[in-house]
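Chains as they are written, first to last, in my numbering: chain A, 587 to 881; chain V, 29 to 687; chain H, 79 to 415; chain E, 473 to 612; chain F, 183 to 506.
We put the CB at the ideal spot given by N, CA and C, even for glycine.
Report on one structure; see the data block that follows.
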Amino acid sequence: MKYSYFPGCTLHTQTKNFNDSIKSTSAILDIELEELKDWQCCGAVYPLTTDSAMGLVSPYRSLQKAHECGNNLVTVCSACYNVLKRTNLTVANDGEIRTKLSNYMDVDEYAGESKVLHLLEAMRENNGFGIIKEKTINPLKGLKVAPYYGCLLLRPSKELKFDDPENPTIFEEFIKSIGAVAVDFPNRIECCGAYVSITSQRKVKGASESILKSASNREADIIITSCPLCYHNLAKEQERLEKDDYTFKPIPILYFTQLLALALGLEVESCGFESNKIDARPILKSKGLIYRGDA
Amino acid sequence: MKKIGVFVCWCGLNISSTVDVGKASEELKNYPGVFYADDYKYLCSDPGQELIKKTIIDNKLEGIVVAACSPNMHESTFRAAAEAAGLNPYRVEITNIREQTSWVHSNKEDATIKAIQLIKATVEKVKKSEDLFPQQIPLTKKVLVIGGGISGMTVALEVAEAGYPVILVEKEPQIGGNMAKLSETFPTLDCASCILTPKTAEVGRHSNITLMTNSEVVESSGYFGNFTVKIKRKPTFVDWEKCIGCMLCQEKCPKKTNSDFEHGMGKRKAISVAFPQAIPYRPIINEKECIYFKTGKCKMCVKVCPVDCIEFEQLENIVEENIGAIVVASGYELLPKEKLSEYGQGKYADVIDGMQFERIASASGPTEGVIRRPSDGKIPQSIVFIQCAGSRDNQKDRPYCSKICCMYTAKHAMLYKHQVHDGTATVFYMDIRAGGKGYEEFVQRAIEDDHVLYLRGRVARVYEEDGKLVVLGVDTLSSEQVRIEADLVVLATAVIPSEKAKVLGQTLKVGTDAYGFFNEAHPKLRPVESMTKGVFLAGCAQAPRDIPETVSQATGAAAKVITMFSKNHLVSDPQVAKVNEKICVGCLQCEPICPYKAIEPETIEVRIGHTVEKRQVATINKGLCQGCGACSVACRSGAMNLSGFSNEQILEELKALCL
Amino acid sequence: MNKLLRSNVSCLLKKLSEHTEIYASTEEDGVCILAKLDNYEEWTMNYVRTANSVKDVFFPQNEEIMKYKDASSDLKIEAPKPFKERIAFGVRPCDAAAMLLLDDVFLKGEFYDSYYKERREKGTIITIACEKPDQHCFCTSFDLSPGATEGSDIVLYPTEDFFLVVEVTEKGKKLIKDNAELFEDIGAKPEIVDSYKNMRTVLGDVCIPNDLNEKLKGEFDNSYWKKIARRCLGCGNCTFVCPTCHCFAVCDVARGCDGKRARTWDSCKFQDFFLMAGDHNPRPTQIERTRQRFMHKLNYFKEKYDKYQCIGCGRCVEKCPVGVHIADVITHMKEEL
Amino acid sequence: MSVKFKPNIICFACNWCSYTGADMAGTSRMKYPATIKIIRVPCSGRVNPTFIMKAYQKGADGVLIAGCHPGDCHYNSGNYFAKRRFLLATRFMNYIGIDAKRLRMEWISAAEGVKFARVMAEFSETISELGPNWRAREEV
Amino acid sequence: MMTMTEKMREQVKELFVNNEIKLFIGFEKGFTKFSRIPAFAENYDEAKKMIIDEFETPFLAKYLIRELEEVAAGIVEKSERVAILTRGCDYLGIRRLIVDNIILRENIVIVGIPCDGLIDVKKANKLLGEEAREITIDEENVIAKGKTENKIISKAEVVLDRCRQCIMCEPKESDIMLAEKTANVKKNKDYSKIEEIEKMSAKERYEFWSRQFERCIRCFACRDACTACNCRKCIFDITEPEMLEKTVATSEQFMFHFIRAFHVAGRCSACGECERVCPVDIPLGLLNGKLRKDIEFLFNVEEAGIPSEIEPLGEFKLDDPDEW
């Protein structure tokens, strides 16, 4: 299955390990991701004022270019997925904005014909989880993984239709397919504070803290997410917690493709564990999932 | 050429002030086809009527045109007069020269010309009229009530009292419906079964009511006054005639199963009766759970039964009944909590819905009235009630208000507080809808006397955290987020139509709205009738409503049925569609247009010379057709025509008006 | 014989139109029809035959017979207004010959049709000989030819730049005399006339035996009728375009107390043409009606007027949607009987 | 003084709403020109487009169809069918040359007597401006 | 296309041999050159003279009405069935009769042939300048031999107008398919002529149409050729009520064409047969086309030409347009 791939701004910089693991794992699962030529910022959270069409220019451009290459657009970061998918819908339904945008950029009109998919959706679409189960060489037995969805993947559910907004199961399926154990912790769909962290630390502190606490008292070994912004907030909060609240046991946060890479038998080095803020290798080693050979 | 009489009315000054009535009747005297033309001061008065009758009899007139006020006023009067004089009433037509001519025009000359033209047009219409005779439709005076809840029983009792036979069909093995499951009822807190059992008993023993429990209506055909209905009687595996109701079998039966009457709160035996006051008080074997059906062994009930009335090989049978009217009282169900994923999607045992709380609080319930936690049976110290769980929620495409939840949640809170004085009962609500008689006072009593804590806000999520149920909500009045750890959470889930309602609607050809409630003929003026003539609605089948409203609506439906049965046969308006079978080719393009589904294909035999040819033509069910005439426009060859407003009549009127 | 230059044809028409109505062939939306002409430039020559025939001029589809006023009180009846002079210009020889057949029907014998008679007297037919008959023509089979003069008052034989004018009837002579200035006498030119007369049609001769009508007598349930009728759709196309068909129906058009009586064409192919009172129809299916049409043309007409009722103009053949062809019938009946 | 042209307008009024609306206009003594003649039909769905064409042929200058508001129809769906037929009829007649302004459809409920009178006056005015309709009219 | 004729003969032989049909309706050479006329074969040797080629052919669907019993007689057994040669446009006609309960699908055998446009001999003659003596057709172009010179014309130039807007190249479903399915090339709708007329002023439009209608001689060929007109007794033959008077005045002509157009509104599948059979070539397609265009636009019907179970005028949507 061939898709256009929209990495999103952090994938080439801060979260390079996420991007590498995506490329390596999708190659194995024969999902061909062809990166969009000279893509730019997806427009961040769905432009707040929907009445002005200008906020949709950049997502429209990416969608229009993906459509020209003739295949659907896959993205990984929750924010990009949210923005692109909702722009796709607005453009499909609202002829006026569509003409305004295409006149402004003088490209021929694109009316939302192709689809926007998250990498997990692309996997689920063509029996991805079945293929993962087959190709998992090193199942992560005994590893308790807490999937953190965040909100941009799920809401507004009528437009995104990613999963059941109140009770999503896609990450659980993914975790089962790589052999790990999914931990059901209540705050998995609470908001991590997103970009509010820029304006008011106090609000974010509360949000991220409750997520981490809820995951830790369900004895989760690893938290996985697919959104660099959630990763950033949770990781930063974890550092603060380590300093102030010594009772708190830090939990490593990984991108789901890193665990996938491990499960598919790629070398540990290529999974990019080194650039995670909290190193996950000790726990993986204690669970006997990596460095089995050496002491 | 027909002999037509024209009568122009002065109506005192109303018409004569702007229409020269004398000139009009003069002009009409020598119009082709008019035998007698005259004007009179007040035609609708008795002497006026006498004048018309006398002229008809003396001159043996074949058609009458009365130029006076609007047909909506006196058409029936003049038609009755003509009928008294022996002329078919549908040979009389009215020209409206008052409301639509004299009163609305000032120029006398124009008004007179217009009046004369209108009268000439009506004369042309009468020339093309035919004798029409109202249809006598035979009527079976027997009513079928579908649903044995409080509404079905009320209708059955009312109609039975009026002396007409009633067939009451109930899909559960016993009647009582949802009301039998309730503990107490608001606003008087009197116990539900105390006020219900006299009614169920009376239904049980009333001579006019044939009770068919454990059965469903599977097919219905025919039209109002003449329905034939097929009822499937599901097997009970116990011969209820022989059974004396000693319930030994229920005691001795080894197999315990989940009782759907208790909504999962309690258990019952494989052979048992749902609750002690059930009518008919006879046991039924649950095929899926009974050991004999699974393995062929056990047969304990056969051993203990003194009158040997267990029949394992009992089969379902289809009963056919001729019915005059149908009352749909299929009641309601609560939205299953599995549908509400934000409240745990049914995973947590201690998150229950309103009906389950009723069973726990009910004296004949599994806990004999003591409110306990279903998970560990402990008495809960803090309960959270969540209103509008699933209703007033666009996300779930159910924006309507279920009307009864505010009241029964207040009742639940009061019952709990009466048992556990120091317990805390919190109610998350948006707006309290307590509009009935004594309702608001009831809720005030819950707040002030029983100290129920009402928090205005919706609950975001409910999840289990080390044995406690954490309720995340908000209190919009103090605009603070609220986190309550409760022992028990009761959801006031939405009222939805009973799950077989949609199928029932299709069988009876009665429309349902987007949510599955039955469509009433007119929301304000005809709430108890459905769109299909002869099918009436009662209770929650039509929309969520509480018991007082249900009973009053049920009595209304019963009144409708009784008025329908008060006549020996039904008279249908003869101004309905009619098919000219010589021309009809049977293309049935008229069929989709009829809103009353009164058109069906039929095969007729036509003799041409010595060969008999079979042909398909359309036929009209005179009982259902209301005479709108939309089908006659779809008929290309003009085979479908509407008597009273036929193509010929309208065309002649048109031509006369354009001369 | 005279000569008429092509250029002054339109001025001839203009001159004639002062006191007569001119019906000439004109092209309207791609179809050549014989219609009342007021602008003479619209006259055209490039057609083989006009969609409607000259029958339209003398026996129109819709003719008012009489008018009546306030029928209920004192009935007054008005005759139709007298007809004006008419000239049919650009008619083909075969159509002109057809008029003779109609004359037999409407004028011969004890009773005549006054309306038709008046129109015929006040009408003159100016025919133009056919330069190139097409595949449908078979007028030669009925001893006519592209240059035949029967039925027309004046026949114009077209050559490159002028028409050779041949007067056939007194009326024709008179007309030429009145407009002598437009004509030039160029003496006899028989070779032009003969060249048209011996021109053969593409279809060639169908050579109808003289006693075909004898053979056809009583051929009521010949299987061949069923074979053709099976194809026939039952539309009135062939009868309405045929210059020789003359069936008509009379009907009253009432408007309240007054109205008029009108005569309109009717076709033996219509379902209700033979419908009688009491719903009896002697020719209920298409077989009888198709048989009737050909029997009338080849049998009954011949017996009554000793001429076949067909002139081979080919209209019914060209216009029949399913290709029922009278020549086909003739050849088949010739062989079979 | 040239005799002002008096149009001849036919109105098909549905018995349950518009005809009663017309009566309401009468009882409240509204005034509208006497050029309009009303034919009572059980429902606007009863009006066959052929009747409209027949009206023009027989000499009507304007035709108006009055029916119940969509959703109020006594027969539940009559006016929806009428709307579809009217949409096609008005466009088709305009296409063959009969001015679309000469045909009008209005939803008039039983209570809208005022609206009935206003629509009648308006329509009569537009038709008088348009003048007599000779197109597709028969000459007797 | 010769192989097509042989394949047809083979199939027909097979059908007659195992007694599967009682009649086969196809085409045969007409009396005049290049004309194809309907042919009825009740046994194999009558079918021998039947041919299939790309010349203009009449429509066969309407014959089924007379050849088959009434629908009420039910499904006849195999040997009583009627086989009919069907191109895409014929199929629409047959569908029309089936939807109108005039014939039963089980009583007919559809012998389908693909077609990408038939040849209009008149156009070929016009390009040649005279009546062609011989016309041969191959893959792309047509060779017309006149008396003196021959002319090679590309097929696209001489294809029939109605085939240019063909909405169905071969029958959607058929019992026997003589040739493999051609690419069902989707032709876009061409309402340009209708838009041209719409742009005219009301007066011009009235003059245009009254000129056309005046030529009409009321022969009812258009009604008798149209499969949508399948009534047992046509309203124009009914005298009480007299929708149409016998006199052929202009107003009666307007009435006739208005009623006929409305009776095929939403039922006409643009087969162009009424235009072909009209003796005075009235552009009836522009009348029916206007109604079809409006139906597609107003009630957003995808393709009003394809017969639907319920006609567009037989149903309604709550959100039908309100403005007029």
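- Within the segment 57-89 of chain V, contact with chain H at the beta-carbon level (separation under 8 angstroms) is assigned to N58, Y59, P60.
- Only N124, R126, E127, Q128, T129, W131, V132, H133, S134, N135, D138, A139, I141, K142 from the segment 109-142 of chain V bring a Cβ to less than 8 angstroms from some Cβ of chain E.
- Under the Cβ criterion of 8 angstroms, V:E508 is not counted among the residues facing chain A.
- At least 8 angstroms separates the CB of V:S358 from every CB of chain E.
- Contact annotation for F:G212 against chain H: G401 [CB-CB distance below 7 angstroms, chain order].
- A:V731 and A:L845 do touch by the CB rule: their CB atoms are close to 7 angstroms apart, below 8 angstroms.
- Under the Cβ criterion of 8 angstroms, F:C453 is not counted among the residues facing chain H.
- For chain V, the residues of the segment 743-767 of chain A that bring a beta carbon within less than 7 angstroms of one of its beta carbons are D750, E752, N753, in chain order.
- Chain F places no beta carbon closer than 8 angstroms to that of E:R518, leaving this residue out of the contacts.
- Not flagged as an interface residue toward chain E: F:K189, since no C-beta distance is shorter than 8 angstroms.
- Within the same chain, and ignoring the five residues on either side of H:K186 in sequence, the residues whose Cβ sits closer than 8 angstroms to its Cβ are Y383.
- Under the three-state reduction of DSSP output, V:H550 falls in the strand class.
- In this structure, A:R804 lies near A:F771, with their beta-carbon atoms less than 8 angstroms apart.
- Contact annotation for F:A255 against chain E: no contact, minimum CB-CB distance about 32 angstroms [criterion: below 7 angstroms].
- Bridge pairing for E:F484: E:I511, E:I537 [DSSP].
- The Cβ neighbour count for E:G534, taken over all protein chains shown within 10 Å, is at least 16; the residue is labelled buried.
- Taking a 10 Å sphere around the C-beta of F:S336, we find fewer than 16 other C-beta atoms and assign the residue as exposed.
- The segment 457-495 of chain V contains, as complete alpha helix (DSSP H) runs of 4+ residues, the segments 467-476 (chain order).
- Taken in chain order, the complete beta strand (DSSP E) segments of 3 or more residues contained in the segment 641-685 of chain A are 659-661.
- A straight-line Cα-Cα distance of about 28 angstroms links V:S403 and V:E315.
- DSSP lists A:T661 as the beta-bridge partner residues of A:H704.
- Interface residue (Cβ-Cβ distance to chain V less than 8 angstroms): F:P353 is not classified as such.
- In the DSSP annotation of this structure, the continuous segment of the alpha helix (DSSP H) that includes H:W303 starts and ends at 301-309.
- The beta carbon of A:P733 does not come within 8 angstroms of any beta carbon belonging to chain V, so the residue lies off that interface.
- The residues L740, R741, S743, in chain order, have a CB closer than 7 angstroms to that of A:P751 in the same chain once the five nearest residues on each side in sequence are set aside.
- Looking from the CA of F:E378, the closest CA among F:K472, F:I247, F:D227 belongs to F:K472.
- Check the Cα spacing between E:C486 and each of E:I599, E:C545, E:S500: the tightest is with E:C545.
- With contacts defined as CB atoms closer than 8 angstroms, A:I808 and A:P836 fail to qualify as a contacting pair.
- Under the 8 angstroms criterion on CB atoms, A:P725 is classed as non-interfacial with respect to chain V.
- In this structure, H:V271 lies away from H:P171, with their beta-carbon atoms at least 8 angstroms apart.
- Counting along the chain, the unbroken alpha helix (DSSP H) around V:P576 starts and ends at 575-593.
- Selection F:M382, F:R315, F:C416 evaluated against H:L281 yields F:R315 as nearest (Cα-Cα).
- For the C-beta of F:K244, the chain H residues within less than 8 angstroms are, from N- to C-terminus, L311.
- Distance from the Cα of V:E681 is smallest, within the candidate group V:G175, V:I144, V:K280, for V:I144.
- Around the C-beta of V:E186, 16 or more other C-beta atoms lie within 10 Å, and the residue is accordingly described as buried.
- Along the segment 380-414 of chain H, the positions whose C-beta sits under 7 angstroms from a C-beta of chain F are V395, K397, P399, V400, G401, H403, A405, D406, read in chain order.
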